[in-house]
Amino acid sequence: GNCHDCLTNGECPLGTDKSNIKVDSGYWRVGSDSSMILECTSNPGACIGGNITSSYCQDKSHGPYCAACDTGYWGSFVGEKCQSCDTKRGIGAYVDQIWVAVGVVFCVIMRVVVLQMMRKYYPTIAAAYEDRIGAFITWYQEIKAKLKIMVVFEQIGSTFPESLRFIDYPPLYTEFCESMSGVFSLQFAVSTVPFECLRYSKYEHYYDMLFAKTAGPIGVVVL
C-alpha cells in the first residue's frame with residue numbers, strides 16, 4: 210500500500226501501519242482505525258500512550274481519555290492512579306473528610322456562642338455586629354444573580370480547550386482553563402469522595418460526577 214505521514218502526536222517506527230501507531234504520552238486514540246490522536250487535557254497522567262494493545266491508559270483505567278476507573282477502583286485527583294475500593298472501606302479511610310466536617314461544625318457552634326455572649330455582656334457591640342451582617346446579606350442578595358452568571362460562564366468557558374479541540378489554543382490559556390475548571394467544578398472537593406465505591410455496579414458514574422460538578426457550584430452560590 211501507499212505510505213502516509215505519521216499522525217500528529219504519534220510515533221511510527223519502521224514497519225508501522227495505521228493499526229499499531231504508537232501514541233505519545235498524554236494523548237489518547239479512539240481505536241486502531243482512528244485518524245486522530247487526542248490530547249488528554251483534563252487527566253494527562255492517566256493517558257500513558259503506546260499502541261492499541263496497551264489501551265493507551267494507565268493500569269485500572271479505561272474509557273474515553275482514560276477518565277474512568279475499572280470496577281472496584283476509584284480515582285481521587287486528576288492524573289492520580291485508580292485506587293482499590295478496599296482502601297476506602299471503614300471509618301478510618303475518611304479521616305480527612307471527618308475532620309473537615311468537625312471543623313465546620315465547631316466554627317458554627319463557636320460563632321453562635323460568641324454572639325450570645327456578646328448580646329449578654331456587650332449589647333452595643335453585638336448590635337453593631339448584627340447590623341454589619343445584615344448589610345452584608347443585603348449586598349450578597351443583590352450580587353447573587355451576577356455570581357450565578359459568572360459561575361456558569363466560567364464553567365462553560367473553561368471547557369473550551371477540551372470540547373473544541375480543532376482550535377489551536379495558546380498554552381497559557383489552556384493552563385488557565387484547567388485551573389478554573391478545577392475550581393468552578395468543585396473538582397478539588399468532589400474528587401475526595403469515592404463515588405465509584407459507594408455501590409458496585411456495571412454502570413459508569415460519569416453522569417453522577419457530571420451532575421455533582423455542574424450543580425455543586427451553582428448550589429453554593431444559591432446558598
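Going from the sequence shown to our numbering is simple: count from 1 and add 209. Beta carbons are placed, not taken as given, at the ideal position from N, Cα and C, and that holds for glycine. Quantities reported herein were computed from a predicted structural model and do not represent experimental measurements.
*residue 382 to residue 312 span [Cα, whole Å]*: 36 Å
_Contact set for residue 261: own chain, Cβ-Cβ below 8 Å, skip 5 residues either direction_ = Counting only Cβ-Cβ distances below 8 Å, and skipping sequence neighbours, we find 228, 229, 238, 240 and 241.
*Quick one: what's residue 231 bridged to in DSSP?*
220
*How many angstroms separate the CA atom of residue 271 from the CA atom of residue 341?*
52 Å
*Between residue 434 and residue 215, is the Cβ-Cβ spacing less than 7 Å?*
Limits of the chain in this structure are 210 at one end and 432 at the other, which puts residue 434 out of reach.
*Who are the near neighbours of residue 231 in its chain, counting only those whose CB is closer than 8 Å to its CB and skipping five residues on each side?*
219, 220, 221, 222, 225, 258, 259 and 260.
_residue 386 to residue 325 span [Cα, whole Å]_ = 45 Å
_Which of helix, strand or coil DSSP assigns to residue 325_ = Judged by DSSP in its simplified three-state form, residue 325 adopts helix.
*State yes or no: is the C-beta of residue 278 within less than 7 Å of the C-beta of residue 290?*
no
*Helix, strand or coil at residue 259 according to DSSP, with G and I counted as helix*: strand
_Here's the rule I'm using: 16 or more other beta-carbon atoms within 10 Å means buried, otherwise exposed. How should residue 316 be labelled?_
exposed
*Put residue 236 into one of helix, strand or coil per three-state DSSP.*
In the structure shown, the three-state DSSP call for residue 236 is strand.
_Bridge partner(s) assigned by DSSP for residue 277_ = DSSP, once it has assigned bridges, lists 271 as partnering residue 277.
*Measuring alpha carbon to alpha carbon, tell me which of 266, 246, 280 and 331 ends up nearest residue 255.*
266
_Here's the rule: buried if 16 or more other CB atoms are within 10 angstroms of the residue's CB, otherwise exposed. What is residue 334?_
Per the 10 Å Cβ criterion, exposed.
*Would you kindly work out how many angstroms separate the C-alpha atoms of residue 282 and residue 250, rounded to a whole number?*
22 Å
*asked:* Buried or exposed, going by whether 16 or more other CB atoms sit within 10 Å of the CB of residue 343?
replied: Residue environment: residue 343 is assigned as exposed (fewer than 16 neighbouring CB atoms within 10 Å of its CB, all protein chains considered).
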